[in-house]
Amino acid sequence: MRNPFRTFDQLREAYLRYLDSPFRLRYPGLMAERRQLLDQDRQLYRDPLFEPVAPYVLSGHNVRSAVRRLGLSSEVADFIETGLFPAGFELFQHQYDAWEASRAGKAVVVTTGTGSGKTECYLLPVFSYLVEQAGRWPAPGPVPANHQWWNHHGQPRIKQRAHEPRVRRPAVRALFLYPLNALIEDQLGRIRKACDGRAGRAWMDANRRRNRIWYGRYVGVTPVSGPETVMNPRTGRLNSNSRKRQELKNRLSTMELEWGRAVQSALASGDSDILTYFQDPAGAEMWSRWDMQDHPPDILITNYSMLNIMLMRSLESPVFEKTRQWLAEDPANNLFHLVVDELHSYRGTPGTEVGYLLRALLDRLGLTPDSPQLRIITTSASIEANDTKSQDYLEQFFGRDPASFEIIGGAQ
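Numbering (the numbering used here), first residue to last: 3 to 414.
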């Protein structure tokens, strides 16, 4: 483990050396005096504050033994260990408990502190379900040579997943709802590493007939807003929205350019983690809103403001209708995972609005708050087990019996 005090001293010295270089003085005594004035708390920096945190209780299970204990296929562990969770590392007890409770059909509320691995509490259940689901998906067709259509002059837009067979019904199998886009960015790298890392992609090629676990970030910056076709007032016919199409082409070209630079940087530095900050145009991350409207991703990542807009507009209706059809196809096996991060941020009037928003979402999907096809996983810093106010809040927010919630804290 890196020594945090040594890291602080290294950063402090680096800044002081930087100031000595462009602002060098003739007299060493003056430079020493300037450094002495700057090298103290509340000047160039603040002295670090470190809070010691007792380690969380371990479960005694790594991913592979947890998979066996939960009755999952060993292939689930094979995929998870390619990038989602390190092979051989032991899960915290709250991570294992959340996985077990979600698999048993309970609504899960994880209340551990910052840095406790809450993200794994929903990533592990969601990805284990998707990996098992993918075992039934038919092989996609070959990717066409002009798949990256923006590189071909005069080429009409090609849908990102047009090569997939119709029997592989596109649907949102998991919705990740965040209060802030900054939190989305933080978690997106984890999902990119799992779905688009070299090892994970190779495993899907060999064991899931070259299928992909598709994921997409549907927020304000996602290209492009507006319809793909517009009505020609003179002819009354629908024509391609050429202005928006050109905007999308430019955005995709920029994405491809940034990815190429990131690959070169990763090769030069030997640090492949750089790639998790950029979108791979050949990966499983959805290119645009239009592509997600055509083929809803397996994992949809958004915020409550955008979800509200999506539910009100006809443009996004296919996302919900296709998911509804998929859920109705096989009520025994097709499950919808709803992940609500930072639940404590939804309080007062905004919390009431988001609670009603979730009810509207479930209604569009043909589900009820207590549906056996619904899996709720949420994280919160303020919910407490055996607390009447917490139970009332959960009942009012999600509209289901508070006894159906498994509130998981972290023993230390």
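Glycine residues also receive a C-beta, built at the ideal position from the N, C-alpha and C atoms.
Whole-angstrom distance between N243 and R236, CA atom to CA atom: Distance between the alpha carbons of R236 and N243 is about 15 Å.
Is the separation between the beta-carbon of M257 and that of P299 shorter than 7 Å? No, Cβ-Cβ distance for M257 and P299 is not below 7 Å.
Own chain partners of K195 with C-beta closer than 7 Å, once the 5 adjacent residues on each side are dropped: These residues qualify, in order along the chain: G85 and T278.
According to DSSP, is L126 helix, strand or coil? Helix.
Residues near T381 by beta carbon distance below 6 Å, same chain, minus five either side: For T381, the CB contacts under 6 Å within the same chain, skipping 5 residues up- and downstream, are V112, K120 and D343 in chain order.
By how many angstroms is the C-alpha of Q45 removed from the C-alpha of P250? Correcting the residue type first, residue 250 is Leu in the shown sequence and not Pro. So the alpha carbons of these two residues sit roughly 46 Å apart.
Are the beta-carbon atoms of A467 and R210 separated by less than 7 Å? With the chain covering 3 to 414 only, the question about residue 467 has no answer from this structure.
Give the DSSP-derived three-state secondary structure of E187 in the structure shown. E187 falls in the helix class under three-state DSSP.
Thinking L303 and Y220 are a contact (beta carbons under 8 Å), I'd like their distance in whole angstroms, please. For clarity, residue 303 is Ile in the given sequence; the question names Leu instead. Contact holds; Cβ gap of about 7 Å.
Where are the beta strand (DSSP E) runs, 3 residues long or more, that stay fully inside the region 153-223, in chain order? Within the region 153-223, the complete beta strand (DSSP E) segments at least 3 residues long are 176-180 and 217-219, listed from N- to C-terminus.
Determine the closest residue to R66 out of E287, A56, I82 and G156, with distance taken between C-alpha atoms. Among E287, A56, I82 and G156, the Cα nearest to that of R66 belongs to I82.
Tell me whether the region 101-111 and the region 167-178 touch, counting them as touching only if at least three CB pairs, one residue from each stretch, are closer than 8 Å. In short, these stretches do not touch, since the Cβ pair count stays below three.
Tell me the DSSP secondary structure of H96 in three-state form. Looking at H96 - three-state DSSP - the assignment turns out to be helix.
Among all the DSSP beta bridges, which residues are the ones paired with S242? DSSP lists T231 as partners of S242.
Name the one or two DSSP bridge partners that L60 has. DSSP output for L60 lists F94 as bridge partner(s).
I need the boundaries of the beta strand (DSSP E) containing R377, first residue and last residue. First-last of the beta strand (DSSP E) with R377: L376 to T381.
Between which residues of its own chain and A184 is the CB-CB distance below 6 Å, once the five residues before and five after are set aside? Result list for A184: empty, nothing under 6 Å.
If you measure between the beta carbons of T116 and H96, is that distance less than 7 Å? No. Outside cutoff.
Comparing C-alpha positions only, which one of L182, R14 and P54 sits nearest to R48? Relative to R48, the option among L182, R14 and P54 whose CA is nearest is R14.
Taking the CB atoms as reference points, tell me whether P142 and H165 lie closer together than 7 Å. Yes. Within cutoff.
Cα separation between K108 and L396? If you take the alpha carbons of K108 and L396, they lie about 13 Å apart.
Starting from the Cα of G350, find the closest Cα among L317, F399, S267 and N310 and give me that residue. Ranking L317, F399, S267 and N310 by Cα distance to G350 puts F399 first.
Out of A413, M312, Y306 and F7, point me to the one whose CA is closest to E53's CA. Relative to the Cα of E53, the nearest Cα in the group A413, M312, Y306 and F7 belongs to F7.
What residue ranges within the region 278-316 form continuous beta strand (DSSP E) runs of no fewer than 3 residues, ordered along the chain? Those beta strand (DSSP E) runs which fall completely within the region 278-316 and span 3+ residues are 301-305.
Taking G401 as the reference, give the member of W152, G353 and A383 with the closest Cα. Cα-wise, what sits closest to G401 is G353.
Helix, strand or coil at S406 [DSSP, three-state]: Helix.
Would you call L254 buried or exposed, if buried means 16 or more other Cβ atoms sit within 10 Å of its Cβ? With 16 or more other Cβ atoms within 10 Å, it is buried.
With V341 as the anchor, note down where its alpha helix (DSSP H) starts and where it stops. Secondary structure note for V341: it is in no alpha helix (DSSP H), and the uninterrupted beta strand (DSSP E) holding it is F338 to V342.
Less than 7 Å separating the beta-carbons of I186 and Y217? With contacts defined by Cβ atoms closer than 7 Å, I186 and Y217 do not form a contacting pair.
Selection from I276, I385 and N234 that minimises the alpha carbon distance to G199: Comparing alpha carbon positions, the residue from I276, I385 and N234 closest to G199 is I276.
Buried or exposed by the 16-neighbour rule on C-beta atoms within 10 Å, applied to T9: Exposed, since its Cβ has fewer than 16 Cβ neighbours within 10 Å.
By a C-beta neighbour count over all protein chains shown, 10 Å radius and 16 as the cutoff for buried, is M2 buried or exposed? The structure shown does not extend to residue 2, since the chain spans only 3 to 414, so no value can be given for it.
Residues that DSSP places opposite Y47 in a beta bridge: Beta-bridge pairing links Y47 to D43.
Going by CA-CA distance only, name the one from V169, G368 and V55 that's closest to H297. It is V169.
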